[in-house]
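Note sheet for the following structure.
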Amino acid sequence: MIDLSVIIVSYNVKYFLRQCLQSVARAMEGLRVEVWVVDNASIDGSVEMVKEEFPWVRLIANDTNLGFAKANNQAIRQAQGRHILLLNPDTIVQEDTFRVVVEFLDNHPEAGAVGVKIIDGQGRFSPDSRRDLPSAWNIFCKLSGLYKLFPKSRLFGRYHLTFLPENEITPVPVLLGAFMALPRTVLDKVGLLDERFFMYAEDIDLCYRILQAGYINYYLPTTQIVHFKGESTKTRSLNYVLTFYKASLQFVQKHYRGWRKWPVALLYQFGILSAAVLSALKRVLSAIYLPLLEVGTLYGLGLLFFHFWRDYTGKKFYPAYEVWGLLGYAVAFMIGHLVFLNYAPPYRLRRIAGAVLVGFLLIVLVSYLIPSINVSRFMVLALAAAALPTGLILRAVDNWLRKGHPHLTGDISHRILVIAEPSRFAAIRKLLFEDIQYPAEFIGFVSPRPHPEALGTPAQLPSLLDHYKPDELIFCNTSLSSQEIISLMMRYFYRKLSFKIIPPYADYLIGPQSILVSRHSLRLYLRLHQPEVLFQKKIFDLVVSLALLSVYPFTFWIYHQPLAALRSLFGVLLGRYHFVSYSEIPSEEMPLLKEGLLTTDLLREHYPRTFSVDLMYAHRYSVLLDWKILLMGLPYLGTLRN
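Quick note on numbering: the sequence shown equals residues 5 to 646 in the numbering used here.
See below:
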């Protein structure tokens, strides 16, 4: 009879799923295990990857996204194992995990469900490994942050049970659905996952029903897994927070009654409202605080210069100059920064300098077009001279607030140390610095055994870390076991290192909430997939088409076909075309774009070694890249499309 049925529900996480299945294969040794993957209509090639690389996996490919609970139930109904394991695709299990869990369930008939110690992608213990059932007090401590202030308190730390020891087997009310093992007999008694929960809270619901049936849910820290929390669900987004709170509210409305129900329900509703309001405020403030600070600082400097120059020369200015004139100067420089996208990192010195030049030219242009405006040359030159250091200092402050370092342009030395077998040294160098083009300073290799090309062995890591001070450790999964990788992550997380993994013979690099893929693989993590980046592209098209149309009577002579260019500019203004689009018909996984007046073909001479200019364009997209292509192809507007 099969000992364990492992069930993985996947949705557009192909690379994490491959890594998860590789770790599952190693953990199956010595046990009779069947593995099920239920794919919820992914478009990233997950189904094809499973069929080709893991033919022993039993695959269910859905045509639509059925949600977590329903997809799990599809496999549970067909599974033959004595025990069922629900496993997330963005996890790595140790080689001993399945054996430890199966033995525990066999030896503890009172166990209804078992969860293990969960480590996040930074090597830290995940408090979600065990939780309490929702109550008014627990939710209040969670929303107010009291559980963080007093984590060891039984009174305040009940939401995540942080007062319990991390390394002791303990009964707990709720386990995380990312890894939950259950005897088949328990599921037969309490029922399958409630399919009314599309995503989230189905694990709380199942654990609650298990407790109601008289079983015990155990937290088992004698083995551990890594959970790259957020990849399959994007846990940092507002959508996640709202969905989680709504699902938890759904649980409360299902199971609680009377005085127990309403306080919890009200707190969850308050959590939903406050999450939405705080997220909106955060977005607004993060978008406007730097422009407002820039305008305010430049206006303040303008006042100082104004009073100095007026007192020194005795020159008279019109009454409103001290307010509206100086404010107009400051706004002009702010517009320059907007043009060069200088209100979001990464910041670059040349872009900041370009923004100052644009602001200066804008002031000169307005004063030329409106001669009645009394413009002081000294004030303009003084503010232009002050705008550059002001821009640099403000962005250094912004970097310090965002990233914890005050480097002016945000560029800091990123140093990496790679742990791998000597036989993999050459292939890893090629992957990192030719295929992926990883922007980092390579320190060297650490080998599991002494080797002349290696800096040392894992036993020497403490001294190597002290001496070389790397920012990141990269593990090669063919050189180290999952257990060794997890152990090293847990041992050195306090050094605030970041960790990434190269799966066996893979052409990509996996880390928490990030995947870096070689140019020979399909890149799904493209900038143009991000709604805010696509919005920037649309704004660029709108603003530039308006600008070109407004000056068309004076510039029509620069176009090879003026009338075709005019029609094309109106087409961009009306949203029928982009200025720039792909040079070839894109695959279905690429971000969708409208037809372009110009194509990425114009980039080929600048990037002759690029595998695909379309892929490079979608991956590295910025408004400046569109601007660069437009400047190269401006005379040809209206001709290339035809």
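Just so you know, even glycine gets a beta-carbon here, dropped at the ideal spot from N, CA and C.
All figures in this text were calculated on a predicted structure; none of them were measured in a lab.
{"Asked": "I124 - partner residues in DSSP beta bridges", "Found": "Correcting the residue identity first, residue 124 is Asp in this sequence and not Ile. Paired residue(s): H231."}
{"Asked": "Nearest-angstrom Cβ-Cβ length linking Q98 and T227, presumed shorter than 8 Å", "Found": "5 Å"}
{"Asked": "Cα-Cα separation between L602 and I633, rounded to whole angstroms", "Found": "8 Å"}
{"Asked": "Helix, strand or coil at H87 according to DSSP, with G and I counted as helix", "Found": "strand"}
{"Asked": "Three-state secondary structure assigned by DSSP to S502", "Found": "strand"}
{"Asked": "Host beta strand (DSSP E) of I64 (start-end)", "Found": "R62 to N66"}
{"Asked": "Sub-7 Å separation of L345 and G306 beta-carbons", "Found": "no"}
{"Asked": "DSSP-derived helix/strand/coil call for V39", "Found": "strand"}
{"Asked": "Presumed contact (8 Å Cβ cut-off) between V178 and R135, rounded CB distance", "Found": "4 Å"}
{"Asked": "L8 versus S14 - alpha carbon distance", "Found": "19 Å"}
{"Asked": "Of the residues A83, R499 and E599, the one placed nearest S587, counting alpha carbons only", "Found": "E599"}
{"Asked": "Reduced DSSP secondary structure (H/G/I, E/B, other) of N16", "Found": "coil"}
{"Asked": "Simplified DSSP state of A291, which is helix, strand or coil", "Found": "helix"}
{"Asked": "Of the listed residues F446, I123 and R86, nearest to E107 (C-alpha basis)", "Found": "R86"}
{"Asked": "V17 and D94 closer than 7 Å at C-beta", "Found": "yes"}
{"Asked": "First through last residue of the alpha helix (DSSP H) which encompasses F574", "Found": "P566 to L577"}
{"Asked": "Cβ-Cβ separation, Y472 to L532 (assumed contact under 8 Å), whole Å", "Found": "Rounded, the Cβ-Cβ distance is 37 Å, inconsistent with contact."}
{"Asked": "R495 versus L477, P508 and D511, residue with shortest Cα-Cα distance", "Found": "L477"}
{"Asked": "C-alpha distance - L702 paired with V360, whole-angstrom precision", "Found": "Residue numbering for the chain in the displayed model covers 5 to 646; residue 702 lies beyond these limits and cannot be assessed."}
{"Asked": "Cβ distance (whole Å) where P138 is taken to contact V256 below 8 Å", "Found": "6 Å"}
{"Asked": "Cβ-Cβ separation, P169 to L109 (assumed contact under 8 Å), whole Å", "Found": "So it is not a contact: roughly 22 Å between Cβ atoms."}
{"Asked": "Cα-Cα separation, I367 to V335", "Found": "10 Å"}
{"Asked": "Bridge partner(s) assigned by DSSP for C480", "Found": "I506"}
{"Asked": "Cα-Cα separation between I420 and F129, rounded to whole angstroms", "Found": "23 Å"}
{"Asked": "Three-pair Cβ contact test at 8 Å for the stretch 60-68 versus the stretch 25-42", "Found": "yes"}
{"Asked": "Residues near S236 by beta carbon distance below 8 Å, same chain, minus five either side", "Found": "Bear in mind that the predicted position of S236 carries a pLDDT of just 44, short of 50, making it unreliable; the figure below should be weighed with that in mind. If we look at S236 and ignore the five residues flanking it on each side, its Cβ neighbours are S14, Y15, V17, F20, N92, P93 and D94."}
{"Asked": "Backbone secondary structure at Y222 - three-state DSSP", "Found": "strand"}
{"Asked": "Helix, strand or coil at G195 [DSSP, three-state]", "Found": "coil"}
{"Asked": "Contacts around D630, its chain only, beta-carbon distance under 7 Å, and the 5 residues preceding and following it disregarded", "Found": "K541, F544, F583 and V584"}
{"Asked": "Check whether Y347 and P393 have beta carbons under 7 Å apart", "Found": "no"}
{"Asked": "Classification of T559 by the beta-carbon crowding that lies within 10 angstroms, buried from 16 upward", "Found": "exposed"}
{"Asked": "L635 versus P349 - alpha carbon distance", "Found": "24 Å"}
{"Asked": "Alpha-carbon to alpha-carbon, Q487 and L180", "Found": "21 Å"}
{"Asked": "Cα-Cα separation, I96 to V28", "Found": "8 Å"}
{"Asked": "Same chain only: Cβ atoms within 6 Å of I6, ignoring 5 sequence neighbours per side", "Found": "R36, E38, Q84 and G85"}
{"Asked": "Collapsed DSSP secondary structure at G149 in the structure displayed", "Found": "coil"}
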